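**Student:** One gets my numbering by counting positions in the sequence shown from 1 and adding 14 to each.
Think of the CB as a built atom: it goes at the ideal place given N, C-alpha and C, for glycine as much as any other residue.
Quantities reported herein were computed from a predicted structural model and do not represent experimental measurements.
Take a look at this one; I'll ask things after.
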Amino acid sequence: MLRNIQAEMAKLAEPTPTTHIVSTQGDLPWPVQGSISSSFHHRDGVHYNGIVIQASAGTPVNAVHTGRVVFADWMRGFGNLLIIDHGDQIMTLHAHLQQFSARPGQQVSRGDEIGRVGVSGGQTRAALYFEVRRGGEPINPQRWIARR
């Protein structure tokens, strides 16, 4: 997966600007309103590299911070997947989308709609899979979004 994304990023002409996302850790808005049904963890040989946020199908999904969309397409296991590069080696992944509201190469700002919650990628009920990666490695998204 990472190789595909890096190949897509290489096609984009200009580098992603630094957006100082690191200074917002713990204070980012939730990408969608809903409740967490699966948390980030590694146990019993099962890896959950992100969180699953239950929400109604069609609910808007928003960018948590300024960045550039580097991938928006279907990917096995993720369904419709949209990835934003926020600079500072931080990317956010938004999966199981019903539709995209942003396209690769597009600059987005915090709060911009980037898609809609769906059931793509083998899900049985509507939800958003949300992942944060630093330098290509998954990190706990709950440490980045604001507490409720």
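1. Is R148 helix, strand or coil by DSSP?
2. Cα-Cα, which of A141, P43, I35 and V66 is closest to R161?
3. Kindly identify the DSSP beta-bridge partner or partners of Q68.
4. Work out the CA separation of S53 and V36 for me, nearest whole Å.
5. Using C-beta distances below 7 Å, list every residue in its chain close to P45, excluding the 5 sequence neighbours before and after it, in chain order.
6. May I have the straight-line CA-CA distance separating L96 from S123, to the nearest angstrom?
7. Do you know how far the Cα of Q113 is from the Cα of R139?
8. For a quick check, are the C-beta atoms of F33 and H100 less than 7 Å apart?
**Tutor:** Taking the geometry as given:
1. Translated into positions along the sequence shown, residue 148 becomes position 134. R148: strand per DSSP, three-state reduction.
2. Position 147 of the sequence shown, counting from 1, holds the residue named residue 161. Comparing Cα positions, the closest option is P43.
3. As a first step, residue 68 is located in the sequence shown; it is residue number 54 there, counting from the start. For Q68, which the question treats as bridged, DSSP gives the partners S49 and A141.
4. In the sequence shown, counting from the first residue as 1, residue 36 sits at position 22. In the sequence shown, counting from the first residue as 1, residue 53 sits at position 39. Computed Cα separation, rounded: 21 Å.
5. Reading the sequence shown from its first residue, position 31 is the one you call residue 45. Counting only Cβ-Cβ distances below 7 Å, and skipping sequence neighbours, we find V75, N76, V78, H108, L142 and F144.
6. Counted from its first residue, the sequence shown places residue 96 at position 82. Counted from its first residue, the sequence shown places residue 123 at position 109. Looking at the two C-alpha atoms, the distance is approximately 15 Å.
7. On the sequence shown, position 125 is the one that residue 139 refers to. On the sequence shown, position 99 is the one that residue 113 refers to. Each residue's Cα considered, the two are about 15 Å apart.
8. The sequence position of residue 33 within the sequence shown is 19, counting from 1. The sequence position of residue 100 within the sequence shown is 86, counting from 1. Reading off the sequence shown, one finds Thr at residue 33, where the question assumed Phe. The answer is yes: Cβ separation under 7 Å.
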